[in-house]
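Let me begin by presenting the structure, written as structure tokens, before commenting on it.
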Ligand SMILES: Cc1cc2nc3c(=O)[nH]c(=O)nc-3n(C[C@H](O)[C@H](O)[C@H](O)COP(=O)(O)OP(=O)(O)OC[C@H]3O[C@@H](n4cnc5c(N)ncnc54)[C@H](O)[C@@H]3O)c2cc1C
Ligand code: FES
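Residue numbers (this note's numbering), protein chains in the order written: chain A, 1 to 464; chain B, 1 to 103; chain C, 1 to 371.
Written out as structure tokens, the structure is:
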């Protein structure tokens, strides 16, 4: 059995940066990622795109990932692409399935760098073909370079929605309209939160403002203050009805709607290991409880990048390095790069995170998405509407009993799309805070695994 | 729902043909079955086992499982995590999948 | 009923605790039930929910047949059929030697006067299970057996218990039992209760409750694992097990395949935590695939480990305490107690209210386990 010093789950900015520091210092490192190439969500496909017109349109921050990917490829870490981690035992026995079949490895330490997923924000009709997330559309932009065939409608709130619109327009696509679901925030309050960061990050702020301005200018229509959406159609999306905070109802015709309401840390992996989580009101999301190194309540697990709390790519790089430095310390090694010190990483991390409170405040999700109406599907897999959960909710049961009684969270996505909404519904039904409610317990496997892949381990057991 | 950009890498030699429900679909090497599907007129991937409703790829990053399709030799898998390869046979999944000697 | 007082306190909110509570309230008693976490949290919620009389220990066959009849009338007992379906249970022989073992077993059960187990040949096996692997030669079937939906069963029993006026207190642990005039003081982490009788339905923790009244018994636990797949088209009517491998295999009414068979995961009884051991569980997957090669590509979506009490002879403990008058046991079902649920509550209620049951429960006496 392979026994590396360090297993890193995820080859995004955090995972790669940690791998580079750890491997260069002489640790045996294995990096596993479901994607076929390194880069994570943000730098997806950067090796193929950098230097092409597509790369240029995706922007300089995107292309800057190439350096990290190259360094990662050369750092000496063992890299298994197209490979899923589907179980990590508390003793760190780790089960992976990839092109090489299914195997079990036994690392000394694990770094979870699994990134984020988009916040599921249920509304009526959100399961119709033709409703997709902005993140999904951006993935298509990076590989294979697809754009919506018609000018597209985007609804949402968050930097990613703006960035995508900006990239799409630069690549020759068109935005038919933007339904801005961002609650209006007094500018002064937001700026106060940003504090001195505004000055230091004025470049980025200006960039964001210019996206906004560009969008208002280039999108066919721009509708601020949207509070409610409904996707219309039977077999596929035919239109969208929306309501604004001012109470105006309107309808548009479209066969594609891209939605986005921010992102959430990937918590399944950490929670399957019993790592403690807490509610982060600023980000309206659960996040793992971590110390300044990314160490969690499990002694041999560290968490870095967006999986540790949403911070963006640059913060992920520095968090990955910090976790790697801690790992080196624990295993009695030192970083090979002279400049790679705790102080420099912390300073860089602080700079990368400076604007975060401002962004969190400006793009705080509207309350409506935590309180979908009775007709809205909560659990996409089991097709359960809020209405179907009402009786059980009234009995003030916890999330796990609710799951047992209704099957919410029992489908293939294993609660990734309904977990947060169910927690919010429970909190609302019982008049409790999100922090007092826990999401569903995570049952293994982390991702579905084929029967034959599990059965294969039995044969292996016989031969060893 | 989607179309390919005409950029500097749209040359024909970088494509393969896969089959979706028996029809040939041209795909780019390195893309996923889901991204090829989304350029088709009917871009739905499956109907649900519960109510028979149509679904299409939603997240493209492997967390929603709405892109489940029957891939020859592999079973019902996420099309957004499955790379195309020449001759790959894919079927839209209607309702719960069948199990049988050929699956 | 006044808070803090009841005729009977039931310790444990699994199905056996609920069934006892139900039988007692139906007979007019005041009942309070204490559950440390939540109703059905342990074995009853983790169970594979087979309703099986097949291949039972001879000492249990009589009870299990009686319980089976009640599964057919479940609606009358709890107002819901609990998702019970009678597709039969089959023990499959994968070789002629195994077939002989099944024949010997069939002869033995017949000699005891039971006729629920029937040998079937290859043709009948294939008729009942068209997808079964070529190499399987026959089986032993109990045609009236089947399986139920565990969560529906828990929900139905809970509704019935509360509907009859029993009090369910979740999130409360019983810490001690102290004798007092006319009964027992139940010391919990949320106050004391005065009761006449106590029912120990504490599952894997049944031995701990015994200790509270001075009974030290030989007792262990099982940490059995189950996995569930994506939904597939209905293709498997009966529940399958094998002679030579750890396997129990069924298709739920939702279409998911539910695979167990008593393969052991990890557990810590004190912390109440469990863990799935996929290395060990791979043997269950291999067994399922050997029996039904066509399912090899089906995706496993969930797995878990349930905790249940285990006695040295794998028979439950049912009946009055050997040392503590007024205390009654129903625990230690050793991995096959789900089927007995609709009967045992009634037996305990009869023991409490009439001093005896009309069923022979001698084999389940706690005295056999005292150290
Ligand atoms: C994985 C698995 C598969 C199975 N498959 C089958 C099958 O197919 N067919 C079949 O017939 N049987 C099966 N069984 C067995 C069956 O599920 C059990 O026999 C039955 O559910 C036992 O019910 P119970 O009420 O005794 O135990 P439990 O459901 O475990 O209930 C005991 C309860 O007592 C509580 N408790 C303990 N101590 C205290 C205390 N001091 N204070 C308060 N509360 C306390 C616990 O929290 C627990 O909820 C299976 C069991 C498992 C684990
Ligand atoms: S589109 Fe969501 S998992 Fe593939």
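Virtual Cβ for every residue (Gly too), placed ideally from N, Cα, C.
These numbers were taken from a predicted model, which means no experiment stands behind them.
Compute the beta-carbon to beta-carbon distance between residue 215 of chain A and residue 165 of chain A, rounded to the nearest angstrom, for a pair I have assumed lies under 8 Å.
Yes, they are in contact, since the Cβ atoms of residue 215 of chain A and residue 165 of chain A sit about 5 Å apart, within 8 Å.
Can you find at least 3 beta carbon pairs, one from the stretch 256-272 of chain C and one from the stretch 60-80 of chain B, that sit closer than 8 Å?
The stretch 256-272 of chain C vs the stretch 60-80 of chain B: no contact.
For the alpha helix (DSSP H) containing residue 345 of chain A, name the first residue and the last one.
Segment 342-353, the alpha helix (DSSP H) holding residue 345 of chain A.
With 16 other CB atoms within 10 Å as the buried threshold, where does residue 251 of chain C fall?
Counting Cβ neighbours within 10 Å, residue 251 of chain C comes out buried, since at least 16 surround it.
For residue 341 of chain C, which residues of its own chain have a beta-carbon under 6 Å away from its beta-carbon, when the five flanking residues on both sides are left out?
Only 15 and 19 meet the Cβ criterion.
Counting only C-beta atoms, is residue 107 of chain C closer than 9 Å to chain B at any point?
Not closer than 9 Å to any Cβ of chain B, the Cβ of residue 107 of chain C fails to qualify, so no.
Just checking residue 64 of chain B against ligand 2 - is the residue's beta carbon closer than 8 Å to any of the ligand's heavy atoms?
True, at least one ligand heavy atom lies under 8 Å from that Cβ.
Does the Cβ of residue 289 of chain A have 16 or more other Cβ atoms within 10 Å, making it buried, or fewer, making it exposed?
Its Cβ having fewer than 16 others within 10 Å, residue 289 of chain A is exposed.
Report yes if the C-beta distance between residue 67 of chain B and residue 117 of chain A is below 9 Å; otherwise report no.
No; because the gap between Cβ atoms is not below 9 Å, this pair is not in contact.
For residue 139 of chain A, return the contacting residues in chain B, with the cut-off set at a CB-CB distance below 7 Å.
Within 7 Å Cβ-Cβ: 60 and 61.
Residues in the same chain with beta-carbon distance under 7 Å from residue 351 of chain C, minus the five sequence neighbours each way, listed in chain order, please.
Hits under 7 Å: 319, 320, 328 and 357.
Considering only the beta carbon of each residue, do residue 33 of chain B and residue 27 of chain B sit closer than 9 Å?
Yes.
Taking the continuous alpha helix (DSSP H) assigned at residue 160 of chain C, which residues delimit it?
Unbroken alpha helix (DSSP H) run through residue 160 of chain C: 150-163.
Compute the Euclidean distance between the alpha carbons of residue 11 of chain A and residue 144 of chain C, then round it to the nearest angstrom.
Those two C-alpha atoms are separated by around 54 Å.
Is the shortest distance between the beta-carbon of residue 96 of chain B and the beta-carbons of chain A less than 9 Å?
No - not a single Cβ of chain A is within 9 Å of the one on residue 96 of chain B.
Whose Cβ in chain C lies nearer than 7 Å to the Cβ of residue 106 of chain B?
Because chain B spans 1 through 103 in this model, residue 106 of chain B falls outside it and cannot be assessed.
Span of the beta strand (DSSP E) holding residue 324 of chain A?
Element bounds for residue 324 of chain A: not the beta strand (DSSP E) but the alpha helix (DSSP H), 312-330.
Could you tell me whether any Cβ in chain A is nearer than 9 Å to the Cβ of residue 38 of chain C?
Closer than 9 Å to some Cβ of chain A, the Cβ of residue 38 of chain C qualifies, so yes.
Which residues, taken in chain order from the stretch 60-93 of chain B, show a beta carbon closer than 7 Å to some beta carbon of chain C?
Flagged, chain order: 74, 75 and 76.
Run down chain B in chain order and give the residues with a C-beta less than 9 Å from the C-beta of residue 267 of chain A.
What residue 267 of chain A touches in chain B: nothing, since even the nearest Cβ is about 12 Å away.
Do you know how far the Cα of residue 299 of chain A is from the Cα of residue 5 of chain A?
Each residue's alpha carbon lies about 15 Å from the other.
Anyone know if the C-beta pair for residue 386 of chain C and residue 205 of chain C falls short of 9 Å?
In this structure chain C extends from 1 to 371, so residue 386 of chain C is not present and cannot be described.
With a threshold of 9 Å between beta carbons, is residue 133 of chain C in contact with chain A?
For residue 133 of chain C, the answer is no, since every Cβ of chain A falls outside 9 Å of its Cβ.
Of the residues that make up the stretch 295-307 of chain C, which ones have a beta carbon closer than 7 Å to any beta carbon in chain B?
Going along the stretch 295-307 of chain C in chain order, one finds 295, 297, 298 and 299 with a Cβ nearer than 7 Å to chain B.
Report the residue ranges of all alpha helix (DSSP H) runs contained in full by the stretch 117-145 of chain A; include only those spanning at least 4 residues, in chain order.
Complete alpha helix (DSSP H) runs here, min 4: 134-142.
Taking only beta-carbon atoms, is residue 154 of chain C less than 9 Å away from chain A?
Output row for residue 154 of chain C: interface = yes.
Which residue marks the beginning of the beta strand (DSSP E) containing residue 157 of chain A, and which one marks its end?
Counting along the chain, residue 157 of chain A falls outside any beta strand (DSSP E), and DSSP gives it neither H nor E.
Please compile the residues from chain B whose C-beta is within a distance smaller than 7 Å of the C-beta of residue 381 of chain A.
Ordered by position in chain B, the residues that pass the 7 Å Cβ test against residue 381 of chain A are 65.
Quick one: list the residues of chain B neighbouring residue 148 of chain A, beta-carbon separation under 9 Å, in chain order.
Within 9 Å Cβ-Cβ: 1, 2 and 3.
Does the structure place the stretch 74-94 of chain C close enough to the stretch 256-264 of chain C that three or more beta carbon pairs sit under 8 Å?
Output reads no: the stretch 74-94 of chain C does not touch the stretch 256-264 of chain C.
Just to confirm my understanding: we take residue 127 of chain A, look at its own chain, exclude 5 residues before and 5 after, and list those with CB closer than 6 Å. What are they?
Here the set comprises 377 and 380.
If you compare alpha carbons, which of A/89, A/365, A/326 and A/363 is closest to residue 346 of chain A?
Among A/89, A/365, A/326 and A/363, the Cα nearest to that of residue 346 of chain A belongs to A/326.
Can you list, in chain order, the residues of the stretch 84-100 of chain A whose Cβ is nearer than 7 Å to any Cβ on chain C?
Listed by position along the chain: 87, 89, 90 and 95.
Residue 57 of chain B CB to nearest chain A CB: under 9 Å?
So, interface residue.
Taking contact to mean at least 3 C-beta pairs separated by less than 8 Å, is the stretch 444-458 of chain A in contact with the stretch 83-100 of chain A?
The stretch 444-458 of chain A vs the stretch 83-100 of chain A: in contact.
Can you have a look at residue 14 of chain B and say buried or exposed, based on whether 16 or more other CB atoms are within 10 angstroms of its CB?
That one is exposed.
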